[in-house]
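Novice: Just so you know, the protein sequences line up as chains A and B, in that order.
Using our numbering, the final residue of the first sequence is 948, and nothing's skipped along the way.
Using our numbering, the final residue of the second sequence is 126, and nothing's skipped along the way.
Even glycine gets a Cβ: it sits at the ideal position worked out from N, Cα and C.
Before I ask anything, here is the structure I am working with.
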Amino acid sequence: DQQVKQNSPSLSVQEGRISILNCDYTNSMFDYFLWYKKYPAEGPTFLISISSIKDKNEDGRFTVFLNKSAKHLSLHIVPSQPGDSAVYFCAASATGTASKLTFGTGTRLQVTL
Amino acid sequence: DTAVSQTPKYLVTQMGNDKSIKCEQNLGHDTMYWYKQDSKKFLKIMFSYNNKELIINETVPNRFSPKSPDKAHLNLHINSLELGDSAVYFCASTHNRGLGDTEAFFGQGTRLTVV
């Protein structure tokens, strides 16, 4: 039973345009959501997070939106850069679970010139 | 200066062998984890230790035994390796305040191949 889903395995975006990566979750106990970026042969690197008490969090070119009623979050990257090409994982955790992360299966973003 | 470091990065071994993967963090975090990424790229938690105490133990075969000599180290020992154990294993750590609202820092991964 996959509690965090990323239905798009891959996404291709032109440099300078907006990249939108989507994530859906089913467990209503999740109250903290994170995005990680992963390059080949490296570990996931934390990118941005959002608490369930917010619906938006922004950090530079990265913005995460949370729609609790739809159990949906998205990561916007604008403008996209070639260095953003990586696999992006959505993750979620619940209070009291010792920050145990449940991950989606990832979306491979390719930013083209 | 690497925050979470794992050794080795690559490990190739025969079925039936026993092997260990080591993990160290220099972030002063009090909670450490082992995650497994299988061939389908699912990244799932295996274990978590808080101040040397086991706090999360997902459904993992008894052949896997984590050991935490101190809160900066969490090693993973695997007995009687099987082909299905081939995966990438990631160590991670958090400054866990018990609230869940904190990001995990990951090591670079150990690619285990059982032949």
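1. Comparing C-alpha positions only, which one of A:Asp836, A:Gln837, A:Glu850 and A:Asn842 sits nearest to A:Ser920?
2. State the DSSP-derived secondary structure class of A:Asp836, mapped to helix, strand or coil.
3. Between the stretch 51–72 of chain B and chain A, which residues of the former have CB atoms less than 9 Å from a CB of the latter, in chain order?
4. Locate the beta strand (DSSP E) running through A:Ile853, then write down its first and last residues.
5. Where does the unbroken beta strand (DSSP E) through B:Ile32 begin, and where does it stop?
6. Below 8 Å on the Cβ atoms is my guess for A:Leu957 versus A:Ala926; work out the distance and round it to an integer in Å.
7. Taking any Cβ of chain B, which residues in the stretch 922–947 of chain A have a Cβ under 9 Å from it, in chain order?
8. Can you name the residues of chain A whose CB is closer than 7 Å to the CB of B:Thr105?
9. Could you tell me the boundaries of the beta strand (DSSP E) in which B:Glu140 lies?
10. Within 8 Å, do at least three Cβ pairs link the stretch 882–895 of chain A to the stretch 31–38 of chain B?
11. Can you list the residues of chain D that A:Ser920 reaches, using a CB-CB cut of under 8 Å?
12. Given a cut-off of 8 Å, decide if A:Asn857 and A:Ser915 are closer than it, judged by their beta-carbon atoms.
13. Closest Cβ-Cβ distance between B:Glu114 and chain A: below 8 Å?
14. Using the beta-carbon count (16 or more within 10 Å), is A:Tyr867 buried or exposed?
15. So with Cβ pairs under 8 Å, would you call B:Gly120 a contact of chain A?
16. For A:Glu893, report the span of its beta strand (DSSP E) as first-last.
17. Identify, in the order they occur along the chain, each residue of the same chain with its Cβ nearer than 7 Å to the Cβ of B:Thr130, setting aside the five sequence neighbours on each side.
18. Round the Cβ separation of B:Leu79 and B:Tyr100 to the nearest angstrom and send it over; I've been treating them as touching at under 8 Å.
19. Per the DSSP calculation, A:Ala921 is bridged to which residue(s)?
20. Against B:Phe117, what residues of chain A qualify as contacts under a CB-to-CB distance less than 9 Å, listed in chain order?
21. Count Cβ pairs between the stretch 49–69 of chain B and the stretch 17–31 of chain B that sit closer than 8 Å; are there 3 or more?
Specialist: Taking the definition as stated:
1. Relative to A:Ser920, the option among A:Asp836, A:Gln837, A:Glu850 and A:Asn842 whose CA is nearest is A:Glu850.
2. coil
3. Lys51, Lys52, Phe53, Leu54, Lys55, Ile56, Ser59, Asn61, Ile66, Ile67 and Glu69
4. From DSSP, A:Ile853 is part of no beta strand (DSSP E); its letter is neither H nor E.
5. Counting along the chain, the beta strand (DSSP E) containing B:Ile32 begins and ends at Lys30 to Gln36.
6. Absent from the model: residue 957 of chain A. The displayed extent of chain A is 836 to 948, so no value can be given.
7. Val922, Phe924, Ala926, Ser928, Ala929, Thr930, Gly931, Thr932, Ala933, Ser934, Lys935, Leu936, Thr937, Phe938, Gly939, Thr940 and Gly941
8. Ser934
9. Nothing can be reported for residue 140 of chain B, as the shown portion of chain B is limited to 12 through 126.
10. Verdict: no, contact absent.
11. Included in the structure are the protein chains A and B, with no chain D among them.
12. Between A:Ser915 and A:Asn857, the C-beta spacing is not below 8 Å.
13. yes
14. buried
15. yes
16. Lys891 to Asp894
17. For chain B, the structure presents residues 12 to 126; residue 130 of chain B sits outside this window and is missing.
18. Correcting the residue identity first, residue 79 of chain B is Ser in this sequence and not Leu. Not really, about 15 Å apart at Cβ, beyond 8 Å.
19. A:Leu944
20. Tyr871, Lys873, Glu877, Gly878, Pro879, Thr880 and Phe881
21. Judged by Cβ distances under 8 Å, the stretch 49–69 of chain B makes no contact with the stretch 17–31 of chain B, as fewer than three pairs qualify.
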